[in-house]
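Report on the following structure.
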Ligand code: BGC
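In my numbering, the protein residues as written are 302 to 799.
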């Protein structure tokens, strides 16, 4: 018996020495995990005047401080520098989007020069050893299409499919990862219900119509990509993968003991996080919204089924939800800011835009999305942080939770930070600073900030080493697993002073 025990111990010791076990106090991500940073065309390129956002900005008061996007970060001219900066962060993924109004400035007229520009950008990304992750639609429509009603136009899916097919035919040899749309539900809610983004509608009928057309557009674009995909850009034996990017919000009941609050939170969760994906994965949707003109059941057509090779998850924040009679359309209120504190009596942490900082949410998000059974990429996660004093902690906290989900079997393949550089933050203009690089808009000078330097180390080490953990959580945390876990997992982002 004693002998058997000794053999067992010896075997264990040998195994420990032989296996590339993670050193105590490290957070190591799986081999081949991909680290990246994100941009989007309108937010960084500058010089885009032919889309609906450029038009929307002309309305007084819609953008904070009267900002207009204008030259933005001049990325259109400085893309080579920005790609080099991404490379210097040791990244493997460069997330970008293509500006529809550049590619197709008039209905059916495609611009060769602009196509050549994006070819050059993609070449540069690939030459730098990074994989481009390309978004086809990131919130902006060409003006000619906006004038036809944008996604409220029943033909919008035809235009979207034609545009996607053109991209795949002309750029497909350089791109293996396409995402058709960025944050479809956020785009719809902000642009068609709340009216705070282009196209500026506050109209539930238009909202539903556009939702139906966006879902159909995705499915058509997915088919167009598959149909026209003739090459395996990175030579890994796999043809282009196409997915969608969704924003996963955490929606919790304002009062967890209230049944009505819980039902409401569940409804919002379904609407914000699952309706679209259920539709695209061929699951039964809870809603059977009818297309106003034809009476067609727009959310669950068979042709939408299985049109996601992967799901891109953007994760930022958490909301508290409760019903409200003063909000007759939505019938509910959502709290993100200080009022949430009244609910729990706890000092909830918010970022500079007033969003709750809640690292555990990334774990809850991928656990929920993991149920769809396709690979997941975190396509955005980040914090507006002027001095970049809080970014390293923010990244470490979220990665700790993300790793926990991966350890539990969720197929997360990569993490893409928002954003590579500071940029134009839609209705907020230029004041929020999400970049790993600060941008001085007067000189267009980029400078690596503290959080950016930390993230470069994360990518270099494929996770967090003990000294990195120590630098964020204090000296005891790296060697003492319990202290680290306490700091990482039990505080839920409530005390760290974001
Ligand atoms: C969008 C980005 C945006 C970021 C931060 C996401 O909604 O995809 O365009 O800048 O969040 O707000």
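Each residue gets a CB set at the ideal place from its N, CA and C atoms; glycine is no exception.
Not a single heavy atom of the ligand BGC lies less than 7 Å from the C-beta of residue 482. DSSP assignment within the segment 328-357 yields the following whole alpha helix (DSSP H) runs of 4 residues or more, N-terminal first: 342-345, 353-357. Around the Cβ of residue 448, a 10 Å sphere holds fewer than 16 other Cβ atoms; the residue is exposed. Residue 481 and residue 437 do touch by the CB rule: their CB atoms are close to 5 Å apart, below 8 Å.
Annotation for residue 487 indicates a beta carbon within 7 Å of some heavy atom of the ligand BGC. Measuring C-alpha to C-alpha distances from residue 721 to each of 750, 456, 446, 605 identifies 750 as the nearest.
In the three-state reduction of the DSSP assignment, residue 625 falls in the coil class, being assigned neither a helical nor a strand state. Across the set 697, 714, 497, the C-alpha of 497 shows the shortest separation from the C-alpha of residue 726. When distances are taken from the beta-carbon of residue 344 to the heavy atoms of the ligand BGC, the shortest one is below 7 Å. A straight line joining the alpha-carbon of residue 539 with that of residue 600 spans about 30 Å. Here residue 431 carries a coil assignment [DSSP, helix/strand/coil].
The continuous beta strand (DSSP E) containing residue 741 extends over residues 738-741.
Around the CB of residue 704, 16 or more other CB atoms lie within 10 Å, so the residue is classed as buried. As the crow flies, the alpha-carbon of residue 761 is around 32 Å from that of residue 372.
Residue 399 counts as buried, since at least 16 other C-beta atoms from the protein chains shown sit within 10 angstroms of its C-beta. The beta carbon of residue 340 sits closer than 6 Å to the beta carbons of 397, 721 from its chain, once the five residues preceding and following it are set aside; these are given in chain order. When only Cα atoms are considered, residue 585 and residue 375 end up about 45 Å apart. Distance from the C-beta of residue 570 to the nearest heavy atom of the ligand BGC is not below 7 Å.
Inclusion of residue 733 and residue 698 in the CB contact set at 8 Å is not warranted, their separation being larger than that value.
The residue among 730, 454, 460 with its C-alpha nearest the C-alpha of residue 363 is 730. DSSP places residue 457 inside the alpha helix (DSSP H), whose first and last residues are 457-472.
Contiguous alpha helix (DSSP H) elements confined to the segment 660-699 occur at 661-671, taking only those with 4 or more residues. Between the segment 421-430 and the segment 332-346 there are fewer than three inter-stretch CB-CB distances shorter than 8 Å, so the stretches are not counted as touching. When the Cα atoms are used, residue 618 and residue 510 turn out to be separated by approximately 27 Å. Spanning the alpha carbons of residue 672 and residue 570 requires a straight line of approximately 15 Å. Rounded to the nearest whole angstrom, the CA to CA distance from residue 678 to residue 716 is 6 Å. In the DSSP assignment, the residues bridged to residue 749 are 738. With contact defined as three or more Cβ pairs closer than 8 Å, the segment 602-610 and the segment 539-551 are in contact.
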